[in-house]
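Trainee: These protein sequence lines are chains A and B, in that order.
To convert a position in the first sequence, counted from 1, into our numbering, add 429.
To convert a position in the second sequence, counted from 1, into our numbering, add 429.
The beta carbon of each residue, even a glycine, is placed where N, CA and C say it ideally should be.
Computed from a prediction, not measured in an experiment: that's the story for all the values here.
2 protein chains.
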Amino acid sequence: MDGIEARELAYFVAVAEELNFTRAAERLCIAQPPLSRAVKQLERRLGVTLLERSSRRVALTPAGQVLLDEGRRALEGLSAAVRRTRRAGRQEPRLTLVMKAVGDGGMLPDILAAYEKEPDAVPVEVLFCGFGEHAALLRGGFADVGLLHGRPDLTGLDHEELLVEEQIVVLRLGHRLAGRAAVTLADLKDEVMPRWAGLPGDRGDGPEVRDAGQLLQLIALGHAVAVLPESARAYLGGDVVAVPVLDVPPTTMMVAWPEWSRSPALAAFVRTATETAGRT
Amino acid sequence: MDGIEARELAYFVAVAEELNFTRAAERLCIAQPPLSRAVKQLERRLGVTLLERSSRRVALTPAGQVLLDEGRRALEGLSAAVRRTRRAGRQEPRLTLVMKAVGDGGMLPDILAAYEKEPDAVPVEVLFCGFGEHAALLRGGFADVGLLHGRPDLTGLDHEELLVEEQIVVLRLGHRLAGRAAVTLADLKDEVMPRWAGLPGDRGDGPEVRDAGQLLQLIALGHAVAVLPESARAYLGGDVVAVPVLDVPPTTMMVAWPEWSRSPALAAFVRTATETAGRT
DNA sequence: CCCGTCCATACCGCCAGGGTATCGCTCGCG
DNA sequence: CGCGAGCGATACCCTGGCGGTATGGACGGG
Numbered sequence: 430m431d432g433i434e435a436r437e438l439a440y441f442v443a444v445a446e447e448l449n450f451t452r453a454a455e456r457l458c459i460a461q462p463p464l465s466r467a468v469k470q471l472e473r474r475l476g477v478t479l480l481e482r483s484s485r486r487v488a489l490t491p492a493g494q495v496l497l498d499e500g501r502r503a504l505e506g507l508s509a510a511v512r513r514t515r516r517a518g519r520q521e522p523r524l525t526l527v528m529k530a531v532g533d534g535g536m537l538p539d540i541l542a543a544y545e546k547e548p549d550a551v552p553v554e555v556l557f558c559g560f561g562e563h564a565a566l567l568r569g570g571f572a573d574v575g576l577l578h579g580r581p582d583l584t585g586l587d588h589e590e591l592l593v594e595e596q597i598v599v600l601r602l603g604h605r606l607a608g609r610a611a612v613t614l615a616d617l618k619d620e621v622m623p624r625w626a627g628l629p630g631d632r633g634d635g636p637e638v639r640d641a642g643q644l645l646q647l648i649a650l651g652h653a654v655a656v657l658p659e660s661a662r663a664y665l666g667g668d669v670v671a672v673p674v675l676d677v678p679p680t681t682m683m684v685a686w687p688e689w690s691r692s693p694a695l696a697a698f699v700r701t702a703t704e705t706a707g708r709t
Numbered sequence: 430m431d432g433i434e435a436r437e438l439a440y441f442v443a444v445a446e447e448l449n450f451t452r453a454a455e456r457l458c459i460a461q462p463p464l465s466r467a468v469k470q471l472e473r474r475l476g477v478t479l480l481e482r483s484s485r486r487v488a489l490t491p492a493g494q495v496l497l498d499e500g501r502r503a504l505e506g507l508s509a510a511v512r513r514t515r516r517a518g519r520q521e522p523r524l525t526l527v528m529k530a531v532g533d534g535g536m537l538p539d540i541l542a543a544y545e546k547e548p549d550a551v552p553v554e555v556l557f558c559g560f561g562e563h564a565a566l567l568r569g570g571f572a573d574v575g576l577l578h579g580r581p582d583l584t585g586l587d588h589e590e591l592l593v594e595e596q597i598v599v600l601r602l603g604h605r606l607a608g609r610a611a612v613t614l615a616d617l618k619d620e621v622m623p624r625w626a627g628l629p630g631d632r633g634d635g636p637e638v639r640d641a642g643q644l645l646q647l648i649a650l651g652h653a654v655a656v657l658p659e660s661a662r663a664y665l666g667g668d669v670v671a672v673p674v675l676d677v678p679p680t681t682m683m684v685a686w687p688e689w690s691r692s693p694a695l696a697a698f699v700r701t702a703t704e705t706a707g708r709t
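#1: Distance cutoff 8 Å, beta carbons only. Does Gly-506 (chain A) sit that close to anything in chain B?
#2: Are Tyr-440 (chain A) and Leu-479 (chain A) touching if we call contact CB-CB under 8 Å?
#3: Run down chain A in chain order and give the residues with a C-beta less than 9 Å from the C-beta of Ile-433 (chain B).
#4: Since I believe Val-442 (chain B) is in contact with Gly-500 (chain B) (beta carbons under 8 Å), could you give me their beta-carbon distance rounded to a whole number of angstroms?
#5: Pull up the DSSP beta-bridge partners for Trp-625 (chain A), would you.
#6: Select from B:Ala-510, B:Leu-475 and B:Leu-507 the residue whose C-alpha is nearest the C-alpha of Gly-493 (chain B).
#7: Could you spell out where the beta strand (DSSP E) holding Phe-557 (chain A) opens and where it closes?
#8: Verify the CB distance criterion: does Val-699 (chain A) have a CB-CB separation below 8 Å to chain B?
#9: Mind listing the chain A neighbours of Gly-476 (chain B)? Cutoff is C-beta to C-beta under 8 Å, in chain order.
#10: When you compare the CB of Val-495 (chain B) with every CB in chain A, is at least one pair closer than 8 Å?
#11: Tell me the DSSP bridge mates of Thr-681 (chain B)?
#12: Nearest chain B C-beta to Arg-456 (chain A) closer than 8 Å, yes or no?
#13: Go through its chain and collect everything with a Cβ distance to Leu-647 (chain A)'s Cβ below 7 Å, but skip five positions before and after it.
#14: Between Pro-548 (chain A) and chain B, is the shortest Cβ-Cβ distance under 8 Å, so that the two count as touching?
#15: Would Trp-689 (chain A) count as contacting chain B if we go by Cβ distances under 8 Å?
#16: For the stretch 553-573 of chain A, enumerate the residues whose C-beta is nearer than 7 Å to any C-beta of chain B, in chain order.
#17: From the DSSP secondary-structure annotation, give me the bridge partner or partners of Val-674 (chain A).
#18: Using a beta-carbon distance below 8 Å, is Glu-499 (chain B) in contact with chain A?
#19: Ordered along the chain, which non-local residues of its own chain (more than five positions away) have a Cβ less than 8 Å from that of Leu-507 (chain B)?
#20: Which residue comes first and which comes last in the alpha helix (DSSP H) that contains Pro-462 (chain B)?
#21: State yes or no: is the beta carbon of Thr-525 (chain A) nearer than 8 Å to at least one beta carbon in chain B?
#22: Starting from Val-495 (chain B), trace the alpha helix (DSSP H) in both directions and tell me its first and last residue.
#23: Would you mind telling me which residues of chain A sit closer than 8 Å to Ala-503 (chain B), beta carbon to beta carbon, in chain order?
#24: Name the one or two DSSP bridge partners that Thr-525 (chain A) has.
#25: When you compare only the Cα positions, how much space is there between Pro-679 (chain A) and Gly-707 (chain A)?
#26: Would you say Asp-533 (chain A) and Trp-686 (chain A) are within 8 Å of each other, going by their C-beta atoms?
#27: With a threshold of 8 Å, are at least 3 pairs of Cβ atoms found where one atom belongs to the stretch 665-672 of chain B and the other to the stretch 565-584 of chain B?
#28: Hey, out of B:Glu-704, B:Arg-502 and B:Ala-542, whose CA is closest to Val-511 (chain A)'s CA?
#29: Got a sec: is the Cβ-Cβ distance from Ala-467 (chain A) to anything in chain B below 8 Å?
#30: Going along the chain, which residues of its own chain have a beta-carbon closer than 6 Å to the beta-carbon of Pro-581 (chain A), five neighbours each way excluded?
#31: Consider the Cβ of Pro-463 (chain B): report whether some Cβ of chain A lies at a distance smaller than 8 Å.
#32: Could you check whether the Cβ of Pro-581 (chain A) sits closer than 8 Å to any Cβ belonging to chain B?
#33: Hey, does Pro-491 (chain B) have any beta-carbon neighbour from chain A nearer than 8 Å?
#34: Give every residue of the same chain whose Cβ lies closer than 6 Å to the Cβ of Ala-543 (chain A), excluding the five residues on either side of it in the sequence, and list them in chain order.
#35: Residues in the same chain with beta-carbon distance under 6 Å from Met-682 (chain B), minus the five sequence neighbours each way, listed in chain order, please.
#36: Leaving out five residues before and five after Leu-657 (chain B) in sequence, what residues of the same chain have Cβ atoms less than 7 Å from its Cβ?
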């Protein structure tokens, strides 16, 4: 037995993130002295100095940096286990599918229809999320399966490819490029591209949008253009047009799920999704 | 805060594995009543029934099965974090390299020599392990980096390919195939192949060996033959010969390390290993 | 030089977690 | 059919650990 407790690890992580016992204590809603004691006890149990305290400044030792990284992940794993258990224990078992709005390549109705006929099928609950959130929601145990686009970070996930799509640019009717048969990225370099709300990695210019409706509205107003997978054509209204973009790499849509998941309901969904995609 | 404690999770895992509170309690070195109480408290905190108790039999509910799987992994992650922290906290930092004996493709001396010249280099400690153990030792935080062969389970690991090798069969001098320029698997189907000790997945026949020395001795005695990567030629004595095997897929050697590892010492080692392999 | 900041120490009270004794249920066996 | 063994649940006690308050001591800024 290594004897380390989840609570004291969480305490240490708070201190290591704040680099300040007092602030960490109030974040944890406890007083500062018990926090000091708990961290010291953790150091004693590990036999390792985690923090360099100099009565004016708190700094991480190399070992402390390791425990901050590893411990955060371990705590994530713990609460993911809790969430998955809670969701598995609901009286009415469900499968939570996470996807970006309009991120199903038009296949979701077919997949769901086929899935419902499976013997292991359970009701599917669809959870919409922002641009890069799929993977975190799957890893964290908030969702069972996801439909992903592009090249997300797949660590901790298993996946199957469903569909490879060419990309199009969506333009307002009357836009200077709207009549072209095809465009290149060079044609678009002066265009305003919206960015998804709450996404730190995205480029800073362009208006912020929260969902596909806002995006289409911006395009229809002529305030922006957007490069989307070809399947998005199905969602376009009459006041915008789609033009193929020649030199953008095709985007692949995939179904992904947490590594180690072995529920029959999930396996049936993945099988159904790949078969449905393969039948096109 | 989800409020789940590592100890109570370990308690539940023990009960779920034994399906018997009394035996689980003695495995945990506590009395049975506190164990019953702890599991019940865990169920209350999760709001989920984990075990079906029928006064004569204990069975897992579906949610209990989920928590058994996920909780085991979460506890693994926790103790891996502890081990990595302990190893990072040693006064003399070292890099622990795990490999099968004679599993380095002859490159280890070159890699180590080149690595020692790196600015971020630390002393390398080599840990030998049995056939399929590399990945578990890396995931568990017992080692920092490994040299792997074949197609191990790489979940939780990052890796780089170092070397693709053809395979040879090692035979006693005077063996019926020893004079051949090459053989096929069909030629070998009646031969005795040793199996590595402590490896459940291996085929049952053949004598058990613990290391390369025992293996070569068995071959020299004519009691066995073995299919090995070409680089093993360097370790062969004069009383055995090596013959290429035509229809065995080449084996790839790779360097692997735990996902998320970001120590400069490790990064330098991986870079050195790939550069050394690329220079051949 | 004093005051504010911040971590450590000292001490206290309470409850969670572990122990022992015992009950209740069920199955197997004579 | 009745008894005993096995096993989990309950009741009760006791101790150690965790959290709280008060305070000390080191350091830096004004």
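Mentor: Looking at the atomic coordinates:
#1: Reading the first sequence from its first residue, position 77 is the one you call residue 506 (chain A). For Gly-506 (chain A), the answer is yes, since a Cβ of chain B falls inside 8 Å of its Cβ.
#2: Position 11 of the first sequence, counted from the first residue, corresponds to residue 440 (chain A). Position 50 of the first sequence, counted from the first residue, corresponds to residue 479 (chain A). Cβ atoms of Tyr-440 (chain A) and Leu-479 (chain A): not closer than 8 Å.
#3: In the second sequence, the residue the question calls residue 433 (chain B) occupies position 4. Here the neighbours are Ala-435, Leu-507, Ser-508, Ala-510 and Val-511.
#4: The residue given as residue 500 (chain B) occupies position 71 in the second sequence. The residue given as residue 442 (chain B) occupies position 13 in the second sequence. Right, their Cβ atoms sit about 5 Å apart.
#5: On the first sequence, position 196 is the one that residue 625 (chain A) refers to. BP columns for Trp-625 (chain A) point to A:Val-638.
#6: Here residue 493 (chain B) refers to the residue found at position 64 when the second sequence is read from its first residue. The shortest C-alpha separation from Gly-493 (chain B) is found at B:Leu-475.
#7: The sequence position of residue 557 (chain A) within the first sequence is 128, counting from 1. That run of the beta strand (DSSP E) goes 553-558.
#8: Numbered from its first residue, the first sequence carries residue 699 (chain A) at position 270. No, because no Cβ of chain B sits closer than 8 Å to the Cβ of Val-699 (chain A).
#9: Position 47 of the second sequence holds residue 476 (chain B). Ordered by position in chain A, the residues that pass the 8 Å Cβ test against Gly-476 (chain B) are Arg-515 and Gly-518.
#10: Here residue 495 (chain B) corresponds to residue number 66 of the second sequence, with the count starting at 1. True, the Cβ-Cβ gap to chain A drops below 8 Å.
#11: Within the second sequence, numbered from 1, the residue matching residue 681 (chain B) stands at position 252. Answer is B:Val-593.
#12: As a first step, residue 456 (chain A) is located in the first sequence; it is residue number 27 there, counting from the start. It does not; no Cβ of chain B falls within 8 Å.
#13: Taking the first residue of the first sequence as position 1, residue 647 (chain A) is located at position 218. If we look at Leu-647 (chain A) and ignore the five residues flanking it on each side, its Cβ neighbours are Pro-623, Pro-636, Val-638 and Ala-653.
#14: In the first sequence, residue 548 (chain A) corresponds to position 119, counting from 1. No, because no Cβ of chain B sits closer than 8 Å to the Cβ of Pro-548 (chain A).
#15: As a first step, residue 689 (chain A) is located in the first sequence; it is residue number 260 there, counting from the start. Output row for Trp-689 (chain A): interface = yes.
#16: none
#17: Counted from its first residue, the first sequence places residue 674 (chain A) at position 245. For Val-674 (chain A), which the question treats as bridged, DSSP gives the partners A:Val-612.
#18: Taking the second sequence and counting its residues from 1, one reaches residue 499 (chain B) at position 70. For Glu-499 (chain B), the answer is yes, since a Cβ of chain A falls inside 8 Å of its Cβ.
#19: In the second sequence, the residue the question calls residue 507 (chain B) occupies position 78. These residues qualify, in order along the chain: Ala-435.
#20: If you number the second sequence from 1, residue 462 (chain B) lands on position 33. Per DSSP, Pro-462 (chain B) belongs to the alpha helix (DSSP H) from 461-475.
#21: Here residue 525 (chain A) refers to the residue found at position 96 of the first sequence. Not closer than 8 Å to any Cβ of chain B, the Cβ of Thr-525 (chain A) fails to qualify, so no.
#22: As a position in the second sequence, residue 495 (chain B) is number 66, starting the count at 1. Per DSSP, Val-495 (chain B) belongs to the alpha helix (DSSP H) from 491-517.
#23: Residue 503 (chain B) sits at position 74 when you count from the first residue of the second sequence. Going along chain A in sequence order, the residues near Ala-503 (chain B) (Cβ under 8 Å) are Ala-503, Gly-506, Leu-507, Ala-509 and Ala-510.
#24: One-based indexing of the first sequence puts residue 525 (chain A) at position 96. Paired residue(s): A:Glu-554.
#25: Here residue 679 (chain A) refers to the residue found at position 250 of the first sequence. Here residue 707 (chain A) refers to the residue found at position 278 of the first sequence. The straight-line gap from Cα to Cα measures roughly 17 Å.
#26: Position 104 of the first sequence, counting from 1, holds the residue named residue 533 (chain A). Position 257 of the first sequence, counting from 1, holds the residue named residue 686 (chain A). No. Outside cutoff.
#27: no
#28: Locating residue 511 (chain A) in the first sequence gives position 82, counting from the first residue. Nearest of B:Glu-704, B:Arg-502 and B:Ala-542 to Val-511 (chain A), Cα basis: B:Arg-502.
#29: Stepping through the first sequence from its first residue, residue 467 (chain A) is reached at position 38. Taking Cβ atoms only, chain B never reaches closer than 8 Å to Ala-467 (chain A), which makes this a no.
#30: Translated into positions along the first sequence, residue 581 (chain A) becomes position 152. Cβ within range, chain order: Ala-564.
#31: Mapped onto the second sequence, residue 463 (chain B) falls at position 34. Not closer than 8 Å to any Cβ of chain A, the Cβ of Pro-463 (chain B) fails to qualify, so no.
#32: By 1-based counting over the first sequence, the position of residue 581 (chain A) is 152. By this cut-off, Pro-581 (chain A) is not an interface position.
#33: Along the second sequence, one-based indexing puts residue 491 (chain B) at 62. Chain A, which has a Cβ nearer than 8 Å to the Cβ of Pro-491 (chain B), makes this yes.
#34: The residue you call residue 543 (chain A) lines up with position 114 of the first sequence. Thr-701 and Thr-705, listed in sequence order.
#35: Along the second sequence, read from residue 1 onward, the residue named residue 682 (chain B) stands at position 253. Cβ neighbours of Met-682 (chain B) beyond the five flanking positions: Gly-534, His-578, Leu-591 and Leu-592.
#36: In the second sequence, the residue the question calls residue 657 (chain B) occupies position 228. Within the same chain, Leu-657 (chain B) has close Cβ partners Gln-596, Ile-597 and Val-599.
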